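Numbering (UniProt numbering), first residue to last: 1 to 463. We put the CB at the ideal spot given by N, CA and C, even for glycine. A quick note: this is a predicted structure, and the numbers were derived from the prediction, not measured. Below is one structure, written out as structure tokens; the observations come after it.
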Ligand SMILES: [Mn+2]
């Protein structure tokens, strides 16, 4: 680790050690929840009085920090925290989003320590997450057993999506976690390794539309053809049940389907769409929603989207008593809501197409799932174009974009594009290359679409 950043974490440790009371504010996504859980564990173990708050970014201006230590995790760097400081305020920021302040910023009053990987030349979307920053602080106290939560944060934040592997400080965290309870290897990255029957998993799989996409009958036919049994006795087989030989056959089948679909220039990226590192908690049972970290992050996100943050923190923290049933309920409701919403958008034929993009308006869809819906609906549209969803927030529009990873492999970063375009219409946005979002003023959607369509034409998408 960078020696200056290491010093920063030692300083952060001293700030915690010299505090009686600590108030934590963390973000409402899987990364933020993971960060909050790590900090909660650290403070519990140190016997410090503490309060954990999970908040949306727009709630920050209402915070009035007291004289005790206030920690912001997975947020804070992009906000004018200095405005809320008084003499005697003590604030620690552990974030990985683009910072407003410079590394050597001095607060006008009180003490502010801001740790952000971007101050040290690292990338905040692939090298380390907010939960990863919280773990590096936990490591200062020797709590390496919490490393898997730092890894869960990175998975939830999709930091490994483009490379198919953990890089930068995330790789260090992966190593720490492999000495504790995580196993990692290269495998098929079809989602639902432990929780979905192989037919379902395959029918949802793909950054490009394949004959098997949303077509369970075709999946069954092809799996039979490959000699891969669908059941084992009474139970449906899942990806984790397949032998290495069966996985090789499946890989070749998917590879060939993709070669048939994808223009030549993208073909070298195909293996990266099918294979990648996977991360499993050896302490969790087979078929559990917590065994595979990608599936674990889905469970956490389902909680978040239903504002069940406490439930998510308790589950990550290992407090399962009575919580598992509640979680199953949340997951069931979440899936049903997504399915109903999807059906309505398809049934009402709401997907519209422009030259370089496609979009849908779903005004009454929960703002927190617009992105998920955009990702799911991509398989019903044209994988060559990004899918943009609009929903209403009360004082404007939430915009969410999802696209095939092939476009990112080819060098397009929609997170940067959406930031620029949202700015032009008086909004703000950002995010990852293939998953990003923005808030824009009401009625600016047509202008946004027009500018976006033009902006990506210059990037030569789909040519
Ligand atoms: Mn984050």
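Kindly identify the DSSP beta-bridge partner or partners of residue 388. 359, 401
Please classify residue 263 as buried or exposed, where buried requires at least 16 neighbouring CB atoms within 10 angstroms. exposed
Nearest by alpha-carbon distance to residue 260: which of 281, 209, 309 is it? 209
Assuming residue 426 contacts residue 401 (C-beta within less than 8 Å), just tell me the rounded distance between them. Not confirmed; about 18 Å, so no contact.
Would you mind sorting residue 281 into buried or exposed? The rule is 16 or more other CB atoms within 10 Å of its CB. buried
How would you label residue 308, buried or exposed, when you count the other beta carbons within 10 angstroms and need 16 or more for buried? buried
Flag residue 445 as yes when its Cβ comes closer than 7 Å to any non-hydrogen atom of ligand 1, and as no otherwise. no
Same chain, Cβ closer than 6 Å to residue 150, five either side skipped, listed in chain order: 131, 132, 135, 173
Closer than 7 Å to a non-hydrogen atom of ligand 1 - does that hold for the CB of residue 283? no
Spell out a yes or no on whether the stretch 187 to 204 and the stretch 230 to 245 are touching, meaning 3 or more CB-CB pairs, one atom from each, closer than 8 Å. yes
In chain order, each alpha helix (DSSP H) run of at least 4 residues that lies wholly inside the UniProt domain "DDH" (21 to 139): 30 to 46
Tell me the DSSP bridge mates of residue 277? 186
I'd like to know if the stretch 153 to 167 and the stretch 23 to 38 are in contact, where contact means that at least 3 CB-CB pairs between them fall below 8 Å. yes
Suppose you measure from the CA of residue 55 to the CA of residue 25; what does that come to, to the nearest Å? 7 Å
In angstroms with no decimal places, state the Cα-to-Cα distance between residue 69 and residue 14. 11 Å
Residues near residue 361 by beta carbon distance below 7 Å, same chain, minus five either side: 350, 390
I'd like the list of long-range same chain contacts for residue 92, defined as Cβ closer than 6 Å, with 5 residues on each side in sequence excluded. 12, 15, 71, 113
Segment contact flag, the stretch 303 to 319 with the stretch 173 to 187, C-beta cutoff 8 Å, min 3 pairs: no
To the nearest whole angstrom, what separates the beta carbons of residue 466 and residue 277, a pair I think is in contact under 8 Å? Limits of the chain in this structure are 1 at one end and 463 at the other, which puts residue 466 out of reach.
Any heavy atom of ligand 1 closer than 7 Å to the Cβ of residue 129? yes
Could you tell me the alpha carbon to alpha carbon distance between residue 337 and residue 352, rounded to whole angstroms? 22 Å
Quick one: does the C-beta of residue 123 sit closer than 7 Å to a heavy atom of ligand 1? no
I'd like to know whether the C-beta atoms of residue 439 and residue 396 end up nearer to each other than 8 Å. yes
Out of curiosity, what's the CA-to-CA distance linking residue 297 and residue 30? 6 Å
I'd like to know if the stretch 205 to 223 and the stretch 240 to 258 are in contact, where contact means that at least 3 CB-CB pairs between them fall below 8 Å. yes
With hydrogens ignored, establish whether the beta-carbon of residue 32 is closer than 7 Å to any heavy atom of ligand 1. yes
Taking DSSP as the reference, what is the three-state secondary structure of residue 232? strand
Shorter than 7 Å, the distance from the beta carbon of residue 175 to the closest heavy atom of ligand 1, or not? no
Leaving out five residues before and five after residue 381 in sequence, what residues of the same chain have Cβ atoms less than 6 Å from its Cβ? 351, 358, 387
Rounded straight-line distance, which links the Cα of residue 384 to that of residue 413: 14 Å
Could you tell me the boundaries of the beta strand (DSSP E) in which residue 191 lies? From DSSP, residue 191 is part of no beta strand (DSSP E); its letter is neither H nor E.
DSSP puts residue 292 in a beta bridge; with which residues? 280
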